[in-house]
Amino acid sequence: RYGDAYHYYNTNLDKSNIYGATICLYFFIVGFLAVCFRFFDLSGINRILFKYKIVNYFRGYCTLPTLNSSHAAYFTYASIINGLLPTRLESLVIAGYVVLNTVLLSVFYDIDPYNIVFESKSLQYARLVGDRSGIIAIAHLPLIILLSSRNSFLEFLTGFKYTTAIALHKWIGRGMVIDVCVHSIAYTTYALLSNSFTMSQKELYWRFGVCGTAVTICLCFFSLGVV
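Here it is as structure tokens:
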């Protein structure tokens, strides 16, 4: 029972690393497909493909238009939320990321029925969710950095427009902020349930965590167009 209890806890850390890598792999596959289409464009294969009506139909209705119109559209809501709408293809990639991130945060938790390492199932869930969300949040950093620069080598390889890179950059950043907030809420819940909140507040890692969470939320807020 003791072996299983510690195995469940450590396995969650391993899964968290794998799931973080899975999110990076998802965007690597997206980039690889973009590189392939870029090669088709430079080699002239696209000119052959564009002769087929089904290819042009797909481009005209699924990849090139924005989410709700046939041309680049500026979106605003209540004069607060505003910006350029992504294309339908970009929206599909972003939707796939959102679903993947949500699923990986939500599934495959092994809970010790005997509560040996942690005193209750509530404590187990709080700690496991906190660990997983924190590790997955950190896994977003390489993606955010890669997609943040203008005229980068990545844009040349993939053929991504700067607006595409920024759209992905912003949505990955928002996903990271959500993961960070889940991490902070889970660890706060764990500290409250284990009656260690007062002691935890004195720990340096806790204070850095609070600071990091506040900074990411501020970054997300300052990225709003109205600001």
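All residue numbers for the sequence shown refer to my numbering, where the first residue is 1444 and numbers rise by one.
Beta carbons: idealized from backbone N, C-alpha and C, even for Gly.
Inset, instruction - Thinking ALA1580 and HIS1626 are a contact (beta carbons under 8 Å), I'd like their distance in whole angstroms, please. - result: 6 Å
Legend entry - Where TYR1540 falls, given that 16 or more other Cβ within 10 Å makes a residue buried: buried
Legend entry - Backbone secondary structure at LEU1535 - three-state DSSP: helix
Inset, instruction - Give, in chain order, every unbroken run of the alpha helix (DSSP H) that is at least 4 residues long and sits entirely within the stretch 1563-1647. - result: 1564-1582, 1584-1589, 1596-1601, 1605-1636 and 1640-1643
Legend entry - Exposure of LYS1458, with buried meaning 16 or more beta-carbon neighbours within 10 Å: LYS1458 counts as buried, since no fewer than 16 other beta carbons sit within 10 angstroms of its beta carbon.
Legend entry - CB of LEU1589 within 9 Å of CB of VAL1478, strictly: no
Legend entry - Local conformation of LEU1452 per DSSP, three classes: The amino acid occupying residue 1452 in the given sequence is Tyr; Leu does not appear at that position. Looking at TYR1452 - three-state DSSP - the assignment turns out to be helix.
Inset, instruction - Please state whether DSSP places SER1459 in a helix, a strand or coil. - result: In the three-state scheme derived from DSSP, where H, G and I count as helix and E and B as strand, SER1459 is classed as helix.
Legend entry - Distance between beta carbons of ILE1587 and ILE1621, contact taken as under 8 Å: So it is not a contact: roughly 14 Å between Cβ atoms.
Legend entry - Three or more C-beta pairs below 8 Å linking the stretch 1566-1578 and the stretch 1625-1643: yes
Inset, instruction - Count the CB pairs spanning the stretch 1636-1649 and the stretch 1603-1618 that are closer than 8 Å, and state whether there are at least three. - result: no
Inset, instruction - Just mark GLY1668 as buried or exposed, buried being the case when its beta carbon has 16 or more other beta carbons within 10 Å. - result: exposed
Legend entry - Short Cβ contact (9 Å threshold) for ALA1582 with TYR1462: yes
Inset, instruction - Work out the CA separation of MET1619 and LEU1665 for me, nearest whole Å. - result: Note on residue identity: the sequence assigns Phe, not Leu, to residue 1665. Roughly 15 Å separates the two Cα atoms.
Legend entry - Nearest-angstrom Cβ-Cβ length linking TYR1633 and LEU1566, presumed shorter than 8 Å: 6 Å
Inset, instruction - Below 6 Å CB to CB, which residues in the same chain sit around TYR1630 once its five sequence neighbours on both sides are set aside? - result: Leaving aside the five residues that flank TYR1630 on each side, the residues in its chain whose CB is nearer than 6 Å to its CB run, in chain order, GLY1573.
Inset, instruction - Look at the Cβ atom of ARG1444, then the Cβ atom of TYR1557, and state whether they are nearer than 9 Å. - result: Cβ distance < 9 Å, so ARG1444 and TYR1557 count as in contact.
Inset, instruction - Would you kindly work out how many angstroms separate the C-alpha atoms of GLU1598 and LEU1532, rounded to a whole number? - result: 17 Å
Legend entry - Buried or exposed (CB count within 10 angstroms, at least 16 for buried), TYR1451: TYR1451 is buried by the Cβ-count criterion.
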